[in-house]
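For reference, the structure discussed in these notes is given below.
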Amino acid sequence: MLFNSIEFLLFLPIVFILYWYFLNKKLQLQNLFIVIVSYIFYGWWDWTFLLLIFFTSICSYFSGLLIDRYAKISIKRGICAGNIILNLSILGVYKYYDFFVDSFILAFHHLGIHLSEQTLGLVLPVGISFYTFQALSYTIDVFRKKLSATTDIISFFAYISFFPQLVAGPIERATNLLPQFNKKRIFQYDLAVDGMQQILWGFFKKIVIADNCAKYVNIIFQDYQSQSGATLLLGAIFFTFQIYGDFSGYSDIAVGTAKLFGIRLMQNFRTPYFSRDIAEFWRKWHISLTTWFRDYVYIPLGGSRVGQWKIIRNTFIIFLLSGLWHGANWTFVMWGMYHALLFVPLLLLRKNRKNIDVIAQNRIFPTFIEFSQMLLTFILVVFGWIIFRAENISQAYYYIQKIFTKSLFKMPDNLNVIIILMIVLMLIVEWINRNKEFGLQIAPQRWPALVNYSIYFALCFLIYFCGSPQETFIYFQF
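According to my numbering, the sequence shown holds residues 22 to 499 in order.
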């Protein structure tokens with residue numbers, strides 16, 4: 022079920038009313054209800070996908086119990102490793118088997134050896150990477166004794182399948198989300214208002230920004246050979262805002278929806294395009310994934326406690342895995358390696374932790390140096406997104422190569438002033454609230470009610486009249 026669909030607009034209020042007005046007496050009934058509606062939400066695409074998420078949930082639940090049951094560390098480690106291997110094997114078969122088989126066959130073809138193709142042609146279940154990583158973090162945290170294994174199977178299933186963040190994150194941790202299903206939830210009006218503001222801002226970014234940019238991005242990338250350098254650069258910039266509006270918009274809707282049910286999810290984006298270097302960008306982009314790789318891959322490898330070259334090695338490993346996590350395509354691997362290379366100078370100069378404060382703190386405008394740093398980082402990110410968006414590495418190479426031709430100085434085609442104005446509006450709002458959880462976060466008592474409702478009405482107007490036809494979310498494919 023898509024957030025930007027009529028079905029969801031009917032589904033959400035019905036679930037909200039039943040949750041608070043009929044099931045608010047018993048916590049267990051609320052949790053069971055969350056599991057049921059989450060399975061309905063997920064099974065809306067294909068009910069057979071429910072078998073996978075059920076299997077992942079049941080295996081991880083019992084793995085946690087077994088880890089807690091046994092005292093011997095070798096047995097605990099074996100159970101933990103077994104569950105990790107099982108879940109990653111399922112993910113690998115569905116997401117990567119055909120990719121590696123095709124790559125293997127192609128490699129032998131270049132050597133003059135022709136092998137028959139033995140791919141499976143499996144349909145990738147929506148959101149499998151997200152809920153698999155969420156299940157793995159639970160098992161690992163139980164093994165590390167960061168939390169005790171839960172005996173409440175209903176609350177655990179709710180943790181894995183909670184519908185707002187089920188198919189595209191944020192990737193939650195059991196230490197944050199699971200305890201919230203184990204304590205009574207009381208309706209909080211201020212939290213619900215905050216959630217509705219975040220949902221509205223998420224829909225604006227998705228429907229007005231991302232979906233409008235998508236129309237032009239698709240045209241430009243599909244016919245990149247005949248486009249001028251200026252148009253190709255415009256297409257790359259549009260995709261930069263498309264993927265941000267799409268993914269951060271989804272996260273805003275997910276986090277805001279969770280607030281309606283008294284649940285707080287982690288922040289997944291923190292104005293990443295206002296970053297002053299690439300390290301700051303990755304502290305603000307897809308936070309739930311970057312911190313997952315930090316805690317479960319980077320730190321176990323030694324993190325920053327080892328020598329300089331091992332730190333660089335560890336950085337390349339997590340970016341390689343991050344690229345592969347996004348999909349079975351060499352462009353994602355190349356995109357990951359590109360960002361790892363951008364990290365190296367910061368690591369060598371020990372400046373990767375330099376910009377950890379809010380930019381232009383207590384100031385309206387950034388300094389000239391800060392603005393220059395933001396602009397350079399933004400440009401580097403834009404070229405990374407070209408690699409990410411391309412269908413193959415050859416397309417990415419020729420796309421970037423053609424930008425740097427004389428036609429770069431021509432007036433670009435497909436220059437839509439309305440979209441540019443909407444992007445500028447989004448950037449202004451997020452700059453003003455760059456130290457807040459999301460762009461539209463305003464205290465209702467801060468301004469008169471007329472001002473608040475005028476802002477809400479204006480955004481609804483833009484969503485309705487400037488929104489593009491329904492587009493699926495980019496990160497559903499990951």
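No residue lacks a Cβ here, since even glycine has one placed at the ideal position from N, Cα and C.
Because the structure is a prediction, the values reported are computed rather than measured.
Chain-order list of residues whose beta-carbon lies under 8 Å from that of residue i (same chain, five-residue window excluded)
{"i": "residue 311", "result": "303, 304, 343"}
{"i": "residue 64", "result": "70, 71"}
{"i": "residue 169", "result": "89, 163"}
{"i": "residue 11", "result": "This structure gives no information on residue 11, because the portion of the chain shown stretches from 22 to 499."}
{"i": "residue 382", "result": "456"}
{"i": "residue 112", "result": "149, 150, 153"}
{"i": "residue 245", "result": "253, 256, 416, 419, 420, 423"}
{"i": "residue 241", "result": "248, 252, 253, 255, 256, 259, 435"}
Local Cβ density within 10 Å of residue i, reported as buried at 16 or more and exposed below that
{"i": "residue 91", "result": "exposed"}
{"i": "residue 76", "result": "exposed"}
{"i": "residue 472", "result": "exposed"}
{"i": "residue 417", "result": "buried"}
{"i": "residue 234", "result": "buried"}
{"i": "residue 237", "result": "buried"}
{"i": "residue 470", "result": "exposed"}
{"i": "residue 359", "result": "buried"}
{"i": "residue 369", "result": "exposed"}
{"i": "residue 486", "result": "exposed"}
{"i": "residue 42", "result": "exposed"}
{"i": "residue 323", "result": "exposed"}
{"i": "residue 386", "result": "exposed"}
{"i": "residue 474", "result": "exposed"}
{"i": "residue 165", "result": "exposed"}
{"i": "residue 10", "result": "Because the chain is modelled from 22 through 499, residue 10 falls outside the range shown and cannot be assessed."}
{"i": "residue 328", "result": "exposed"}
{"i": "residue 296", "result": "buried"}
{"i": "residue 144", "result": "exposed"}
{"i": "residue 280", "result": "buried"}
{"i": "residue 267", "result": "buried"}
{"i": "residue 330", "result": "exposed"}
{"i": "residue 412", "result": "exposed"}
{"i": "residue 243", "result": "exposed"}
{"i": "residue 36", "result": "buried"}
{"i": "residue 58", "result": "buried"}
{"i": "residue 439", "result": "exposed"}
Nonlocal neighbours in the same chain, by C-beta distance under 7 Å from residue i, ignoring five residues either side
{"i": "residue 365", "result": "333"}
{"i": "residue 261", "result": "402, 403, 406"}
{"i": "residue 325", "result": "332"}
{"i": "residue 363", "result": "299, 401"}
{"i": "residue 146", "result": "70, 73, 115"}
{"i": "residue 488", "result": "228, 229, 232"}
{"i": "residue 195", "result": "158, 159, 162, 168, 180"}
{"i": "residue 29", "result": "22, 23"}
Contacting residues, own chain, Cβ-Cβ under 6 Å from residue i (five flanking each side not counted)
{"i": "residue 84", "result": "100, 104, 160"}
{"i": "residue 24", "result": "274"}
{"i": "residue 62", "result": "22, 184"}
{"i": "residue 53", "result": "175"}
{"i": "residue 319", "result": "335, 339"}
{"i": "residue 44", "result": "50, 51, 54"}
{"i": "residue 48", "result": "205"}
Whole-Å CB distance - residue i paired with residue j, under 8 Å assumed
{"i": "residue 445", "j": "residue 461", "result": "Not really, about 16 Å apart at Cβ, beyond 8 Å."}
{"i": "residue 430", "j": "residue 313", "result": "Rounded, the Cβ-Cβ distance is 43 Å, inconsistent with contact."}
{"i": "residue 276", "j": "residue 182", "result": "Actually they are not in contact, since the Cβ atoms of residue 276 and residue 182 sit about 17 Å apart, beyond 8 Å."}
{"i": "residue 179", "j": "residue 202", "result": "5 Å"}
{"i": "residue 107", "j": "residue 80", "result": "6 Å"}
{"i": "residue 294", "j": "residue 494", "result": "In fact, because the Cβ distance is near 19 Å, the residues do not count as touching under 8 Å."}
{"i": "residue 177", "j": "residue 78", "result": "7 Å"}
{"i": "residue 226", "j": "residue 447", "result": "6 Å"}
{"i": "residue 199", "j": "residue 171", "result": "6 Å"}
{"i": "residue 278", "j": "residue 86", "result": "That pair is no contact at about 30 Å."}
{"i": "residue 391", "j": "residue 408", "result": "Going by Cβ atoms, the distance from residue 391 to residue 408 rounds to 27 Å, so no, they are not a contact pair."}
{"i": "residue 414", "j": "residue 351", "result": "6 Å"}
Exercise. Looking at C-beta atoms only, is the number of pairs between the region 68–76 and the region 196–216 that lie closer than 8 Å three or more?
Worked result: Verdict: no, contact absent.
For this session: Count the CB pairs spanning the region 387–400 and the region 238–256 that are closer than 8 Å, and state whether there are at least three.
Result: At 8 Å Cβ cutoff, the stretches do not touch.
For this session: Evaluate contact between the region 367–376 and the region 202–211, counting only Cβ atoms and requiring at least three cross-stretch pairs below 8 Å.
Result: Because the criterion of three Cβ pairs below 8 Å is not met, the region 367–376 and the region 202–211 do not touch.
Problem set entry | Given 8 Å, three or more beta-carbon pairs between the region 430–437 and the region 281–295 | Segments in contact, no.
For this session: Examine the Cβ distances between the region 217–230 and the region 188–203 and report whether three or more of them are shorter than 8 Å.
Result: With a cut-off of 8 Å, the region 188–203 and the region 217–230 do not count as touching, because too few Cβ pairs lie within range.
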